[in-house]
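In my numbering, the protein residues as written are 4 to 355.
We put the CB at the ideal spot given by N, CA and C, even for glycine.
First comes the structure, then the notes that go with it.
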Amino acid sequence: MGKNILITGGAGFIGSHLIKLFVQKYPNYQIYNLDALTYAGNLESLKDIESADNYHFIHGDITDLDFIGQCFKKHAISDVIHLAAESHVDRSISDPLIFIKTNVLGTASLLQAARDNWGSQPGHLFYHVSTDEVYGSLGEKGFFYEDTAYDPRSPYSASKASSDHFVRAFHHTYGLPVVLSNCSNNYGPHQFPEKLIPLFINNILEKKSLPVYGKGVNVRDWLYVVDHARAIDNIFHKGSVGETYNIGGHNEWRNIDLIKLLCKLMDQKLGRSPGTSEKLITYVKDRAGHDMRYAIDASKIKKELGWEPSLQFEEGLSLTIDWYLENKDWLENVTSGSYRDYYEKMYEGKLT
Ligand code: NAD
Ligand code: DAU
4 MGKNILITGG
14 AGFIGSHLIK
24 LFVQKYPNYQ
34 IYNLDALTYA
44 GNLESLKDIE
54 SADNYHFIHG
64 DITDLDFIGQ
74 CFKKHAISDV
84 IHLAAESHVD
94 RSISDPLIFI
104 KTNVLGTASL
114 LQAARDNWGS
124 QPGHLFYHVS
134 TDEVYGSLGE
144 KGFFYEDTAY
154 DPRSPYSASK
164 ASSDHFVRAF
174 HHTYGLPVVL
184 SNCSNNYGPH
194 QFPEKLIPLF
204 INNILEKKSL
214 PVYGKGVNVR
224 DWLYVVDHAR
234 AIDNIFHKGS
244 VGETYNIGGH
254 NEWRNIDLIK
264 LLCKLMDQKL
274 GRSPGTSEKL
284 ITYVKDRAGH
294 DMRYAIDASK
304 IKKELGWEPS
314 LQFEEGLSLT
324 IDWYLENKDW
334 LENVTSGSYR
344 DYYEKMYEGK
354 LT
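Printed below as a string of structure tokens:
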């Protein structure tokens, strides 16, 4: 059956992978990519599919309710997959208000437009793509489950938790058909080099310091971005309305161990002698309120929808490094200008 799907944030990291998957796999769907093209949005990431007949780009802001309402009407939007967000924890610490505006008000505006157009009619779906950070921070043991109590601790995770609550509130109060997923850390091609893996790849290339927060012992559960896009596809088509699904990689790494593996692979691929990149590691002041450990229990999505990660971490990391090495222009384009100023300011000349 044909659908007119509004995917928000499709010029960003995960959104661009999702759009490519949907445009290619579902020629009977019209895919509308709504993106404000902030520093994190880049249409170059979509050049493989930009001329496809079923792909359409809409430049706009999810906080502009009138504009969103017009989009729904003009394109007879049947479904929403909502990814647009401010997504970087460090930026949320230095500038929290834009996170509240985009992530909370933006999500609420999309919900309102969906409610205005669909009411509680079945046959529509509002899918909110969210994060495991809403669950807070784990100690050495345990996992996040779908019914783990929310305990967000950064302005970013508080804004995502709030947006999740609004999605559920619109379902319970107005009967809006919704589904949610909460995913662990993604990595892969096209990720903006402010997040750990692409930032460190870029710094190693430029022989710049690798700023490890605190002692480097915080743990994250890493998932290849294409596997996340596959999970979203599964949930969108087979998930139950009103449900939440956790998505994770069963792949926990202490930051410092991951960074050392990355250094080793980079040395091999760049033909540098072993140990060269590790010398760039510099321990810096810890992130304020730094969550210690995230780990997802993804058994619900496996049992109910048959989804599992497909890629081993070393393979995914190697593919990711290769992509950045082959796309230095992309890296150069996105790191020039205001981003470079932001990064320099963050460390005020404390790094080489
Ligand atoms: P990203 O920062 O790479 O991309 C965000 C996109 O949203 C950009 O294209 C940006 O231009 C767009 N955008 C920002 N503000 C907007 C606005 N007001 N109106 C319209 N578009 C706007 O983010 P990402 O890493 O791809 O994350 C996508 C979603 O997935 C986010 O909701 C994030 O919370 C969630 N998520 C991310 C991860 C991860 O590891 N990256 C993990 C779990 C969940
Ligand atoms: O868990 C899902 C979340 O993962 C997503 O919701 C977020 O959008 C995404 O940005 C990511 O958040 P993190 O804060 O975990 O990712 P980040 O890449 O910023 O940091 C990963 C770990 O590495 C974290 O413990 C902080 C540390 N770090 C990060 C940077 C950028 C460093 O030690 N040095 C750095 O320079």
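Using only CA atoms, which one of the options lies nearest to residue i?
i    : options                : result
H293 : V170, M269, S95        : S95
P158 : H193, I101, G142, L202 : I101
S321 : I299, D270, E149, A234 : D270
P214 : L283, F60, L68         : L283
F316 : K348, L265, L273       : L265
R257 : K218, S276, L273, I71  : K218
E307 : S276, Y248, N336       : Y248
A87  : V107, F75, G252        : V107
K76  : F60, L9, G139, A111    : L9
H127 : D135, Y138, G139, L114 : L114
D67  : D93, T110, Q27, S81    : T110
N205 : Q33, Y29, S339         : S339
I17  : H193, G63, K263        : H193
K210 : I34, H253, G278, D154  : G278
I65  : D135, K288, C74        : C74
I262 : G251, S280, G274       : S280
Under a three-way DSSP split, which group does residue i fall into?
i    : result
L334 : helix
T176 : helix
D154 : coil
K104 : helix
L354 : coil
E143 : coil
V220 : coil
Q194 : coil
N205 : helix
R94  : helix
Y297 : coil
In the DSSP output, which residue or residues are listed as bridge partners for residue i?
i    : result
V182 : Y130
E89  : DSSP, once it has assigned bridges, lists no residue as partnering E89.
R275 : R275 pairs with nothing; no bridge assigned.
K241 : BP columns for K241 are empty, so no partner.
P214 : T285
N249 : N185
E347 : Beta-bridge pairing links E347 to no other residue.
R257 : V222
D38  : H62
D82  : I8, L128
Take the Cβ of residue i as the centre, count every other Cβ of all protein chains shown within 10 Å, and call the residue buried at 16 or more, exposed below.
i    : result
S165 : buried
Y286 : exposed
T176 : exposed
G191 : buried
R233 : buried
S19  : buried
H174 : buried
G5   : exposed
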